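Peer 1: First the structure, then my questions, so here it is.
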Amino acid sequence: MTTSIIQGLVITLGALSVYQYAVAQGFNESVTRTMVFMVLIFANIFLTLVNRSFYYSIWTTLKYKNRLVPLIIGITFVLAALLLFVPPFTAFFEFETLTPGQLGVSFFAGVVSVLWFEFVKLGKRVKL
């Protein structure tokens with residue numbers, strides 16, 4: 212439970228950092244909302260992969276056979292793409308299509324806010 216709470220707090224920190232970045236860059240409210248939402252999407256995708264084991268690395272667990280994981284991640288990417296690139300969905304959520312740079316910032320923050328846990332698992336494996 213403690214691990215999940217800490218992971219959630221770090222993801223929140225990543226999302227808030229992107230929010231602050233977007234505001235500092237002068238992006239409008241829709242772009243900012245979209246960027247923060249995409250941080251949460253990317254973080255959850257990587258959280259799914261990282262938390263397949265609390266001991267073994269993501270590289271090891273990628274070899275585990277579970278046909279639902281790629282399906283769920285694929286569905287998540289498709290839904291995110293629909294929200295970003297299909298105007299009726301984008302308008303409904305008051306999102307905007309992001310530039311590659313904006314999407315990259317969101318991706319980076321989402322990944323970093325989760326992959327830190329790989330170092331925790333490495334510490335367990337090498338008994339630091």
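Read the sequence shown against the numbering used here and you will find it ends at 339, with the numbers running on by one and no gaps.
No residue lacks a Cβ here, since even glycine has one placed at the ideal position from N, Cα and C.
None of these values were measured; they are calculated from a predicted model.
Do you know offhand how far Leu294's Cα is from Val221's?
Peer 2: Their backbone Cα atoms lie some 25 Å apart in a straight line.
Peer 1: Is Gln236 helix, strand or coil when you go by DSSP?
Peer 2: DSSP places Gln236 in coil when its eight states are reduced to three.
Peer 1: Are the beta-carbon atoms belonging to Gly219 and Gly321 less than 8 Å from one another?
Peer 2: Not closer than 8 Å, so no.
Peer 1: Using the Cα positions of Phe304 and Leu260, report the straight-line distance between them to the nearest angstrom.
Peer 2: Cα to Cα, the separation comes out at about 27 Å.
Peer 1: Could you tell me whether the region 286-302 touches the region 227-237, using the rule of 3 or more Cβ pairs below 8 Å?
Peer 2: No contact exists between the region 286-302 and the region 227-237.
Peer 1: Excluding the 5 residues flanking Arg263 on each side, which residues of the same chain have their C-beta closer than 7 Å to its C-beta?
Peer 2: Same-chain partners within the cutoff: Thr272 and Tyr275.
Peer 1: Compute the minimum distance between the beta carbon of Val247 and the heavy atoms of the ligand ZN, and state whether it is under 7 Å.
Peer 2: As presented, the structure is devoid of all ligands, the ligand ZN included, so that no description of it is given.
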